[in-house]
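Trainee: Okay, handing you the structure first.
Chains as they are written, first to last, in this note's numbering: chain A, 17 to 317; chain B, 3 to 477.
So, in structure tokens, the structure goes:
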């Protein structure tokens, strides 16, 4: 009986150590990460004052290099783009930003974010408890994930984003951009690749873009939709690009033009792969957007 | 049903309750029906193949026991091998042979368009067919007593912990254990449970996390730099090790809880200082099966150098083919055959040379370990690549060392995470050479509690959860 009692106590002790340790370690890691400079940690910490906000997926990360824009425009810029962010997630992050921080003067969205799925919300796990919108999105896609994150707080930090938060704890994450050049092997592969046709995005993503627009216009924020550059040889393969763009604009039903920079960079050295420019293109992209006149006169002065 | 799934988390406690609540024949029924249920979660139709293999080899075993006529005994053995290899050959290799012969005929100008059969590869077929064949061969050789209970034999064949991805358990090991009603023993429950958690850590935290880096690199090698690909190759070496070792460890742990002892299937293979040592440490149940049922019957190393090399090459080529119905697996096996031959030819002179220039023994061993690891990684490229041409592309690119730049590496955070996991694993295995961890945990239960807690935290924080199948399921 004594042996059974000892074993039972041992099992309870194990369970207690697992649960308490999970909470303690997660709390420490969360505190360290949220106290840092990563873009979303700053968003939810609040009290940010930025003139220009950028939103998008990995193309947004690499198209909008905030230091270049700050240099040329002389205003504070914040890039809230992240790999794989869908339009729905961009909308939720923007609305959260507007709740926690001062409204910016302008929001610029890399519009191909409509082609991403919102399943990337699992990578935003560390912020689910900060944002009812993100948690609702996560629940709608996979309730088990949300329950698991509540059951294990360490699981709630299990994502690449948390590693980035720790990495950017002390330094600015706005310098995050791809700094390598596309390889000759990949260039050859692209030139030999077959044609492709882009599908039209899901209606939910289009609705999200409209909601971004509405949220901005209601608050007097200028909103611009931009299509960033593509590797020229890759762009040629997309045989329905013009139709895709026209249909997208029609479905958006907005009184605004898409600023199309898809053909604007022709130097392959300024690309790291078929979809993403690298750091060498950042100043040029800023110049092109200024030339396109999307920045209000007060920002261009 | 995967070990790393919620379904298994529900299945195992129920099975254990029924198992320990029963005795004798009823317990064997619980085992065999539970195992069939486990397998049927994948595809119930292929239970028929397990049943065919079970019944054929059970009957042949009985007939072998009844007759002493050498000719008859040989025929019975041949029937068993024909049935088992026939099932394996049809479901696993028929399209491979059709495509290979078509390519050969096309190369010599005979065009043909034979039908391509739509055949599903049954999970675990390579494992249970080898397992049942080993029984028949051992009965033929009079190494073991024949099993007279179909129920017990069916349990041996289908026992769920090792059914779909090994270890390949010999009848001489398992059948005697099935004759005993094992009670729930606390120490076995603890040590088995610890093995299950360790196996889950290897699979979910390490293997599946490394897969996030590896998969992209091998799907499109041209899109990645030389260093990116090199990292992918090294990561794959550890992914396949942790994936397969993880599965085996969980299988051994579950079996231990139920009262069964299986031999280890892996013994720190990347610490091997020679290729023969590697094959004594990697997938031990398969390498010993190939040694006992293929290499030794071919003559082993008893008929001179030439025959030894031939036997090594044949064994490794067929071992490669066992892994998959594609020429890149044959290439992988052939490469390891060449390594073993080269080791016999050059190994001695190299060691003599190193000793002659007074390289310390310890340094020699580390150099050999690094060399064996590098050559093993070259072999893994063929194993993982989507085609032989992709494999050669990756190999020629990873040797462009002058192009190595960390800035060009994609998925840097996953790479850093993967690198730290590998470093942790290597350190843990190095420590295990010096410290008997199981004995320490038995002596100090607090260590076991802390160790299990640490593994659970690591799985939660570092694991990649997608109920990813185990790599060896496809074999």
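Note that CB positions come from ideal geometry on N, CA and C, so glycine has one too.
Fair warning: this is a prediction, and the values are worked out from it, not measured in the lab.
Is the stretch 162-177 of chain B close to the stretch 211-228 of chain B, with three or more CB pairs under 8 Å?
Mentor: The stretch 162-177 of chain B, when compared against the stretch 211-228 of chain B, does not touch it at the 8 Å Cβ threshold.
Trainee: When DSSP labels each residue in this structure, what does residue 293/A get in the three-state scheme?
Mentor: Of the three classes helix, strand and coil, the one that applies to residue 293/A here is strand, per DSSP.
Trainee: Let me know the alpha helix (DSSP H) ranges lying completely inside the stretch 13-59 of chain B, each 4 residues or longer, listed in chain order.
Mentor: Entirely contained in the stretch 13-59 of chain B, the alpha helix (DSSP H) runs reaching 4 residues are, in chain order, 26-45.
Trainee: Are the C-beta of residue 464/B and some C-beta of chain A separated by less than 8 Å?
Mentor: True, the Cβ-Cβ gap to chain A drops below 8 Å.
Trainee: Out of curiosity, what's the CA-to-CA distance linking residue 278/B and residue 370/B?
Mentor: Near 12 Å, if we compare the C-alpha coordinates of residue 370/B and residue 278/B.
Trainee: With the cut-off set at 8 Å, would you say residue 53/A and residue 77/A are in Cβ contact?
Mentor: Taking 8 Å as the Cβ cut-off, residue 53/A and residue 77/A do not qualify as a contacting pair.
Trainee: Does the CB of residue 112/B have a neighbour CB from chain A at under 8 Å?
Mentor: Taking Cβ atoms only, chain A never reaches closer than 8 Å to residue 112/B, which makes this a no.
Trainee: One question on the structure: do residue 332/B and residue 235/B come within less than 8 Å of each other, judged by their Cβ atoms?
Mentor: Cβ atoms of residue 332/B and residue 235/B: not closer than 8 Å.
Trainee: Closer than 7 Å, Cβ to any Cβ of chain A: which residues of the stretch 177-196 of chain B, in chain order?
Mentor: Residues passing the 7 Å Cβ filter: 188.
Trainee: Measure the C-alpha to C-alpha separation of residue 196/B and residue 397/B and round it to an integer number of angstroms.
Mentor: Rounded to whole angstroms, residue 196/B to residue 397/B spans 39 Å at the Cα level.
Trainee: Would you say residue 294/A and residue 196/A are within 8 Å of each other, going by their C-beta atoms?
Mentor: Against a cut-off of 8 Å, the Cβ pair of residue 196/A and residue 294/A comes out as a contact.
Trainee: Taking C-alpha atoms, which residue in 272/A, 301/A, 275/A and 274/A lies nearest to residue 286/A?
Mentor: Among 272/A, 301/A, 275/A and 274/A, the Cα nearest to that of residue 286/A belongs to 301/A.
Trainee: Taking residue 290/A and residue 225/A to be in contact with their CB atoms under 8 Å, please state how far apart those CB atoms are, rounded to whole angstroms.
Mentor: Not quite, the Cβ-Cβ distance comes to about 24 Å (not below 8 Å), so this is no contact.
Trainee: For residue 38/A, which residues in chain B fall below 7 Å Cβ to Cβ?
Mentor: 459 and 462, listed in chain order.
Trainee: Could you round the C-beta distance between residue 62/B and residue 87/B to whole angstroms and report it? I think they count as a contact, below 8 Å.
Mentor: With 8 Å as the limit, residue 62/B and residue 87/B do not qualify as a contact, their Cβ atoms being about 14 Å apart.
Trainee: Go ahead and label residue 103/B buried or exposed: buried means 16 or more other beta carbons lie within 10 angstroms of its beta carbon, across all protein chains shown.
Mentor: Exposed: under 16 other Cβ atoms inside 10 Å.
Trainee: With a cut-off of 8 Å, does the C-beta of residue 13/B fall near any C-beta of chain A?
Mentor: Not an interface residue.
Trainee: For residue 317/A, which of helix, strand or coil comes out of DSSP?
Mentor: For residue 317/A, the predicted model reports a pLDDT of 46, less than 50, meaning its position is unreliable; a value from the coordinates is still stated below. Correct three-state label for residue 317/A: coil.
Trainee: Within 10 angstroms of the Cβ of residue 106/B, are there 16 or more other Cβ atoms? Answer buried if so, exposed if not.
Mentor: Classification for residue 106/B: exposed.
Trainee: Do you know how far the Cα of residue 56/A is from the Cα of residue 49/A?
Mentor: Going by the C-alpha atoms only, they are around 10 Å apart.
Trainee: DSSP has residue 368/B in a bridge; who is on the other side?
Mentor: Answer is none; residue 368/B lacks a bridge partner.
Trainee: Could you pull out every unbroken beta strand (DSSP E) segment of at least 3 residues lying fully inside the stretch 26-87 of chain A, listed in chain order?
Mentor: Within the stretch 26-87 of chain A, the complete beta strand (DSSP E) runs of at least 3 residues are 68-71.
Trainee: With a threshold of 8 Å between beta carbons, is residue 454/B in contact with chain A?
Mentor: Chain A contact via Cβ: present.
Trainee: Tell me whether residue 263/B sits in a helix, a strand or coil according to DSSP, three-state version.
Mentor: Coil.
Trainee: If you measure beta-carbon to beta-carbon, which residues of the stretch 440-453 of chain B are closer than 8 Å to chain A?
Mentor: Within the stretch 440-453 of chain B, the qualifying residues are 447, 451 and 452.
Trainee: Please name the residues in the stretch 204-221 of chain A whose beta-carbon is closer than 7 Å to at least one beta-carbon of chain B, in chain order.
Mentor: Within the stretch 204-221 of chain A, the qualifying residues are 205.
Trainee: Taking only three categories from DSSP, how would you classify residue 95/A?
Mentor: The answer is strand: DSSP assigns residue 95/A an E or B state.
Trainee: Suppose you measure from the CA of residue 317/A to the CA of residue 121/A; what does that come to, to the nearest Å?
Mentor: Annotation note: pLDDT 46 at residue 317/A (below 50); position unreliable, coordinate value reported separately. C-alpha separation (whole angstroms): 14 Å.
Trainee: Three or more C-beta pairs closer than 8 Å, one from the stretch 323-342 of chain B and one from the stretch 90-101 of chain B: is that the case here?
Mentor: Segments in contact, yes.
Trainee: Thinking residue 272/B and residue 375/B are a contact (beta carbons under 8 Å), I'd like their distance in whole angstroms, please.
Mentor: Going by Cβ atoms, the distance from residue 272/B to residue 375/B rounds to 6 Å, so yes, they are a contact pair.
Trainee: Got a sec? Which residues, its chain only, sit under 6 Å from residue 249/B by beta carbon, not counting five neighbours each side?
Mentor: If we look at residue 249/B and ignore the five residues flanking it on each side, its Cβ neighbours are 167 and 472.
Trainee: Along the stretch 224-250 of chain B, what residues have a CB closer than 7 Å to any CB found in chain A?
Mentor: Here the close residues are 224, 225 and 227.
Trainee: Along chain A, in chain order, which residues have C-beta atoms closer than 8 Å to that of residue 325/B?
Mentor: Result: empty, since nearest Cβ-Cβ is about 29 Å, beyond 8 Å.
Trainee: Return the CA-CA distance between residue 22/B and residue 16/B, expressed in angstroms with no decimal places.
Mentor: Between residue 22/B and residue 16/B, the C-alpha separation is close to 10 Å.
Trainee: Taking only beta-carbon positions, decide if residue 377/B is within less than 8 Å of chain A.
Mentor: Judged by the 8 Å Cβ criterion, residue 377/B is not in contact with chain A.
Trainee: Beta-carbon within less than 8 Å of residue 140/B's beta-carbon, same chain only, minus the 5 sequence neighbours each way: which residues are those?
Mentor: The residues are 146, 172, 173 and 174.
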